[in-house]
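Step one of this worksheet: look at the structure below.
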Amino acid sequence: MKKNNDILKDLFSRMPEEELPASFRVNVMQKVMIEAERIRKRNERIEWFALIIASLFFIGLAIIAFSYLNISFELKWTSISMPDLKLLPFYSLIGTTVLILLGIDHKFRQIYKKKHEKEV
Amino acid sequence: MELYTDTYYIHRILEGDTACFACLLDKYSRPVYSLIYKVIRNREDAEEFTQDVFIKVFQKLSTFKGECSFSTWIYRIAYNTAISETRKKKYEYLPIEESIINNVSEEEVTDMLGQTDNHQQIQMLDKALTLLPTDERALILLYYMEEKTIEEVSTISGLTESNVKTKLFRIRKKLFVLLKGMEE
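These protein sequence lines are chains A and B, in that order.
The first sequence begins at 1 in my numbering and counts up one residue at a time.
The second sequence begins at 1001 in my numbering and counts up one residue at a time.
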């Protein structure tokens, strides 16, 4: 398809571009700034989450290593030895329950905040 | 002359200088708005969808790998936004029979348009565009108004190059029929 000597090309080239409202640039930039802040916070959360997971992994690894090698040592002011692991399921249950409740609390707070913002 | 390239602004934005997005906005907002408005024919909706396009551009900026030009990439988002929105609302268009499409030649239309003034010609074309289905309207606008090549139109629309050529050929014929019909 050749555009040269094309009647439609000539017609379209004379078609005026539509004007945008004056507030458009400001509105979009405001939304973009909000979006940028949201992305920054999300990345920050991901970084924290990764850090916590990595820390837990290494702590867990250390505990397993201590447990298998039956290592215990004494520091000048205290002694470190493997705790009784019989209570581990109980503490895990408590820990998981606390995390789930925190998550539910966070979700409810978000819903409340959204509702409140709409009302304002 | 352009002071900085799109790539320069994209790098700055990805490094955290969000204000640089205003430069890309200044460059592309008007043509993107023009395209969307001419496809959907409603100023409020066109403004809203153009805003959506630029928010999507900002959100997905890190996924832009430079496989096509930045302009083509923005138009692809704009095209998809406009087409998906028009699918939600059923727009009416004038169906044209196959037998009529080949009945009008470009010469006839050129002669007919020669008898009208510039302003009237543009008005006729604008009216003829509204009678086309929205996807066809978008394709012809990309090719003629935004001056995209067949390859670029193919990248933007997701159609093959041969399909784009065939479609454009038929849309031109349809426009000729519609323009001729306006004279009668």
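Backbone N, C-alpha and C define an ideal beta-carbon position, used for all residues, glycine too.
Return the chain-ordered list of same chain residues with a C-beta closer than 6 Å to the C-beta of residue i, the five sequence neighbours on each side being excluded.
i	result
Met1001(B)	Because Met1001(B) sits at a pLDDT of 49, beneath the cut-off of 50, its placement in the model cannot be relied upon, and the following sentence gives the value as read from the coordinates. There are no such residues.
Ile1171(B)	Glu1136, Ile1140
Tyr1028(B)	Ile1074
Val1153(B)	Leu1142, Tyr1143, Val1164
Identify the contact partners of residue i in chain A, using a Cβ-Cβ distance below 8 Å as the criterion.
i	result
Ala954(B)	Any answer about residue 954(B) is impossible in this case: the structure gives chain B only from 1001 up to 1184.
Phe1058(B)	Val32, Glu35, Ala36
Ile1055(B)	Val28, Lys31, Val32, Glu35
Glu1071(B)	The sequence shown places Ser at residue 1071(B), not Glu. Within 8 Å Cβ-Cβ: nothing; Ser1071(B) doesn't reach chain A, min ~15 Å.
Arg1030(B)	Glu17, Glu18, Glu19, Leu20
Leu1061(B)	Here the premise fails: no neighbours, minimum Cβ distance about 10 Å.
Thr1003(B)	The residue you asked about is not Thr; residue 1003(B) is Leu in the sequence shown. Result: empty, since nearest Cβ-Cβ is about 18 Å, beyond 8 Å.
List the residues of chain B that residue i touches, going by C-beta distances under 9 Å, in chain order.
i	result
Ile130(A)	Within the shown structure, residues of chain A are numbered from 1 to 120, placing residue 130(A) beyond reach of any answer.
Arg42(A)	What Arg42(A) touches in chain B: nothing, since even the nearest Cβ is about 11 Å away.
Name, please, each residue of chain A whose Cβ falls closer than 7 Å to the Cβ of residue i.
i	result
Arg1172(B)	Leu8
Tyr1033(B)	Glu18, Leu20
Leu1175(B)	Leu8
Ser1105(B)	Residues of chain A passing the Cβ test: none, with the nearest at roughly 11 Å.
Gln1121(B)	Leu11
Thr1110(B)	Ile7
Leu1014(B)	Residues of chain A passing the Cβ test: none, with the nearest at roughly 11 Å.
Leu1131(B)	By Cβ distance, chain A contributes nothing, its closest Cβ being about 15 Å from Leu1131(B), past 7 Å.
Leu1139(B)	Result: empty, since nearest Cβ-Cβ is about 12 Å, beyond 7 Å.
By Cβ distance below 8 Å, which residues in the same chain neighbour residue i in space, the five residues on each side in sequence not counted?
i	result
Thr1005(B)	none
Arg1012(B)	Cys1020
Ala1138(B)	Leu1035, Val1039, Tyr1079, Ala1082, Ile1083, Ser1157
Glu1146(B)	Pro1031, Leu1035, Tyr1075
Glu1161(B)	Ile1150, Glu1151, Ser1154
Lys1167(B)	Glu1136, Leu1139, Leu1159
Which residues in chain B sit within 8 Å of residue i, going by Cβ to Cβ distance?
i	result
Ala50(A)	In chain order: nothing, as chain B lies at least about 18 Å away.
Please list, in chain order, the chain B residues whose beta carbon lies closer than 7 Å to that of residue i.
i	result
Ala36(A)	Thr1018
Using a cut-off of 9 Å between C-beta atoms, extract the partners of residue i located in chain A.
i	result
Met1145(B)	Phe12, Ser13, Met15, Glu17
Thr1102(B)	The question names Thr, but residue 1102(B) is Asn in the sequence shown. Under the 9 Å cutoff, chain A gives no residues; its nearest Cβ is about 16 Å from Asn1102(B).
Asn1118(B)	Arg14
Arg1076(B)	Neighbours of Arg1076(B) on chain A: none; closest Cβ ~19 Å, over 9 Å.
Gln942(B)	What the structure shows of chain B is the stretch from 1001 to 1184, and residue 942(B) is not part of that stretch, so it cannot be assessed.
Thr1134(B)	Those within 9 Å of Thr1134(B) in chain A number zero; the least Cβ separation is about 16 Å.
Leu1178(B)	Those do not exist, as Leu1178(B) stays about 12 Å from chain A at its closest Cβ, beyond 9 Å.
Leu1025(B)	Phe24, Arg25, Val28, Met29, Val32
Leu1142(B)	Neighbours of Leu1142(B) on chain A: none; closest Cβ ~11 Å, over 9 Å.
Leaving out the 5 sequence neighbours to the left and right, which residues in its chain are closer than 7 Å to residue i when beta-carbon positions are compared?
i	result
Ala1078(B)	Val1032, Leu1035, Ile1036, Val1053
Arg1041(B)	Thr1130
Ile46(A)	none
Leu1014(B)	Leu1061, Ser1062
Val1057(B)	Ile1074, Ile1077
Lys1127(B)	Met1182
Worksheet item: When you check each C-beta in the region 1038-1049 of chain B against every C-beta of chain A, which residues fall closer than 9 Å?
Response: Lys1038, Arg1043, Ala1046, Glu1047
Worksheet item: Closer than 8 Å, Cβ to any Cβ of chain A: which residues of the region 1150-1165 of chain B, in chain order?
Response: Ile1150, Lys1165
Fill in: Contiguous alpha helix (DSSP H) assignments of at least 4 residues, all confined to the region 1125-1164 of chain B
1134-1140, 1150-1157
Fill in: Length at least 4, wholly inside the region 1004-1084 of chain B: the alpha helix (DSSP H) runs in chain order
Runs of the alpha helix (DSSP H) inside the region 1004-1084 of chain B: 1006-1014, 1021-1040, 1043-1060.
Fill in: 4-residue-minimum alpha helix (DSSP H) runs that sit fully inside the region 5-77 of chain A, ordered along the chain
7-13, 24-69
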